[in-house]
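Working notes for the structure below.
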Amino acid sequence: MVLRGYVPTSEETLQTLAALRLQSLNSDFSTHAPFPRLEELFPPHVLHARLPPPPHQPPAKCRGARLRAGLLAGGLWGQALAKQRAERDQRLRGRLREEGASTMAAIVEKWKLLQGMGRPEAMAAYVALVREWPGFGSTLFDVDLHTVRPRLDAVQGQPWQWATLTPLSQQSPVGSGPQRLWLGIGAKAVSLYKPGEPEPLDSFCYGRISSFGASDSSTFRLSVEDRDLLFETSQVEEIAQLLNTYLASAGAQQLPQPQDPPTSPPASEPTVLPQGLCPVAGPWQHRPPVASSHS
Numbered sequence: 009m010v011l012r013g014y015v016p017t018s019e020e021t022l023q024t025l026a027a028l029r030l031q032s033l034n035s036d037f038s039t040h041a042p043f044p045r046l047e048e049l050f051p052p053h054v055l056h057a058r059l060p061p062p063p064h065q066p067p068a069k070c071r072g073a074r075l076r077a078g079l080l081a082g083g084l085w086g087q088a089l090a091k092q093r094a095e096r097d098q099r100l101r102g103r104l105r106e107e108g109a110s111t112m113a114a115i116v117e118k119w120k121l122l123q124g125m126g127r128p129e130a131m132a133a134y135v136a137l138v139r140e141w142p143g144f145g146s147t148l149f150d151v152d153l154h155t156v157r158p159r160l161d162a163v164q165g166q167p168w169q170w171a172t173l174t175p176l177s178q179q180s181p182v183g184s185g186p187q188r189l190w191l192g193i194g195a196k197a198v199s200l201y202k203p204g205e206p207e208p209l210d211s212f213c214y215g216r217i218s219s220f221g222a223s224d225s226s227t228f229r230l231s232v233e234d235r236d237l238l239f240e241t242s243q244v245e246e247i248a249q250l251l252n253t254y255l256a257s258a259g260a261q262q263l264p265q266p267q268d269p270p271t272s273p274p275a276s277e278p279t280v281l282p283q284g285l286c287p288v289a290g291p292w293q294h295r296p297p298v299a300s301s302h303s
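Below, the structure written as structure tokens:
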């Protein structure tokens, strides 16, 4: 979960978690202790995010320009471009090695500070640090939120009204298309997260969920009070099974059943995502692990 980037926190905390993992694996620091690979201790995507983005190459404006570019690419100019790309890739690999070495050095320094901490203590401190994230214990799924629409039975005698997606954050302007989110399914609620953000955008207690199911093999529908949320995902069955498990364990008298999606034409009025259906946890406070009192 941590290595896959599903615990959004600072690099400092990620380094502390890596040091605690080393302490639980190898006990106190020693130059003779076996070192796991960095990607087994620290999320690789964090290092890659430090690299500069590739240079933007504007597209050719006309057919003639594309033709000339193609001819040049097949000659000396193409060889020069290939050489430039190879040199840039080599520089990026070197930069990635430097970032990795710097991160490993920071992890080792934190590991040294844990001298005397036993394996059970290190494991407990690791779990305690991860548990500070409000979404701990939830299973996270990568989904694309496509549509929020009113439900038919919630609008007395009115036809279905499809709704364009209203953005959940300022970073996602209207008209930008589906939003990539984390769908977190926990024992008490279903939550929506912006990837990398510790606080949920919204949470839905199971008592507010009226039904759910698959609209098709790659679209999952979640009905919350008077709204339907449509998600595109490759894990439709896994999401449905997990929801069924939690609802059954909670002693639900009747599990929500899949319903056939309506086919009415779309409308232009946007509908916002329902808010305030569950209490949201307070800001995630990071606390360093308490070092052992042993010497």
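With the sequence shown counted from 1, adding 8 to any position gets you our numbering. Idealized CB from N, CA, C, for every residue including glycine.
Neighbour-count burial assignment, S146, 16 or more Cβ in a 10 Å radius: Indexing the sequence shown from 1 puts residue 146 at position 138. It is buried - the Cβ of S146 has at least 16 other Cβ atoms within 10 Å.
As assigned by DSSP and simplified to three states, the class of R12: On the sequence shown, position 4 is the one that residue 12 refers to. Here R12 sits in coil by DSSP.
Range covered by the alpha helix (DSSP H) that runs through R45: The count along the sequence shown starts at 1 and reaches residue 45 at position 37. Counting along the chain, R45 falls outside any alpha helix (DSSP H), and DSSP gives it neither H nor E.
Exposure of P44, with buried meaning 16 or more beta-carbon neighbours within 10 Å: For the purposes of this step, residue 44 is taken as residue 36 along the sequence shown, with counting starting at 1. Classification of P44: exposed, given that the 10 Å Cβ count is below 16.
Local conformation of S18 per DSSP, three classes: Here residue 18 is taken as the residue at index 10 of the sequence shown, counted from 1. Three-state DSSP puts S18 in coil, outside helix and strand.
Opening and closing residue of the alpha helix (DSSP H) in which S257 lies: Here residue 257 refers to the residue found at position 249 when the sequence shown is read from its first residue. In the DSSP assignment, S257 falls within the unbroken alpha helix (DSSP H) covering 244-257.
Whole-angstrom distance between L89 and A132, CA atom to CA atom: Position 124 of the sequence shown holds residue 132. Position 81 of the sequence shown holds residue 89. Cα to Cα, A132 sits roughly 53 Å from L89.
Selected residue, minimal CA-CA separation from E245, among L238, A222, F239: As a working note, residue 245 is residue 237 in the sequence shown. Ranked by Cα distance from E245, the options L238, A222, F239 are led by A222.
Among V151, E205, E207, nearest to S226 - alpha-carbon criterion: The residue you call residue 226 lines up with position 218 of the sequence shown. Selection V151, E205, E207 evaluated against S226 yields V151 as nearest (Cα-Cα).
Contact between the segment 108-122 and the segment 23-42 (3+ Cβ pairs under 8 Å): Note that the segment 108-122 touches the segment 23-42; at least 3 beta-carbon pairs, one per stretch, sit closer than 8 Å.
Helix, strand or coil at G194 according to DSSP, with G and I counted as helix: Within the sequence shown, the letter at position 186 stands for residue 194. G194: coil per DSSP, three-state reduction.
Start and end residues, beta strand (DSSP E) containing E240: Looking up residue 240 in the sequence shown gives position 232. Residues 235-240.
Same chain, Cβ closer than 8 Å to Y134, five either side skipped, listed in chain order: Translated into the one-based positions of the sequence shown, residue 134 becomes position 126. In chain order, L25, L28, R29, S32, P297 place their CB closer than 8 Å to the CB of Y134, counting only its own chain and leaving out the 5 sequence neighbours on each side.
C-alpha gap between A260 and R235, whole angstroms: In the sequence shown, residue 260 corresponds to position 252, counting from 1. In the sequence shown, residue 235 corresponds to position 227, counting from 1. Because the pLDDT at A260 is just 44, under 50, the model does not fix this residue reliably, and the point stays unresolved.
Three or more C-beta pairs below 8 Å linking the segment 137-144 and the segment 12-25: With the rule of 3 Cβ pairs closer than 8 Å, the segment 137-144 counts as touching the segment 12-25.
Whole-angstrom C-beta distance between L46 and G108, which should lie under 8 Å: As a working mapping, residue 108 is identified with position 100 in the sequence shown. As a working mapping, residue 46 is identified with position 38 in the sequence shown. Contact between G108 and L46 is confirmed by a C-beta separation of about 5 Å, below the 8 Å threshold.
Segment limits, alpha helix (DSSP H) that includes R1: The shown model of the chain, from 9 to 303, leaves out residue 1, and the question about it has no answer.
Where the alpha helix (DSSP H) containing L55 begins and where it ends: Position 47 of the sequence shown, counted from the first residue, corresponds to residue 55. Going by DSSP, L55 is part of the alpha helix (DSSP H) stretching over 52-56.
Whole-angstrom distance between A114 and G194, CA atom to CA atom: For the purposes of this step, residue 194 is taken as the residue at position 186 of the sequence shown. For the purposes of this step, residue 114 is taken as the residue at position 106 of the sequence shown. Between the alpha carbons of G194 and A114 lies a gap of roughly 34 Å.
Neighbourhood of L251 by C-beta, 7 Å cutoff - its chain only, sequence neighbours within 5 removed: Numbered from its first residue, the sequence shown carries residue 251 at position 243. I193, F220, listed in sequence order.
Contacts around N34, its chain only, beta-carbon distance under 8 Å, and the 5 residues preceding and following it disregarded: Taking the sequence shown and counting its residues from 1, one reaches residue 34 at position 26. Only A41, P42 meet the Cβ criterion.
Residue burial classification, E117 (beta-carbon count within 10 angstroms, cutoff 16): If you number the sequence shown from 1, residue 117 lands on position 109. By the neighbour-count criterion, in which a residue is buried when 16 or more other Cβ atoms sit within 10 angstroms of its Cβ, E117 is exposed.
Short Cβ contact (8 Å threshold) for F149 with T241: The count along the sequence shown starts at 1 and reaches residue 149 at position 141. The count along the sequence shown starts at 1 and reaches residue 241 at position 233. Yes.
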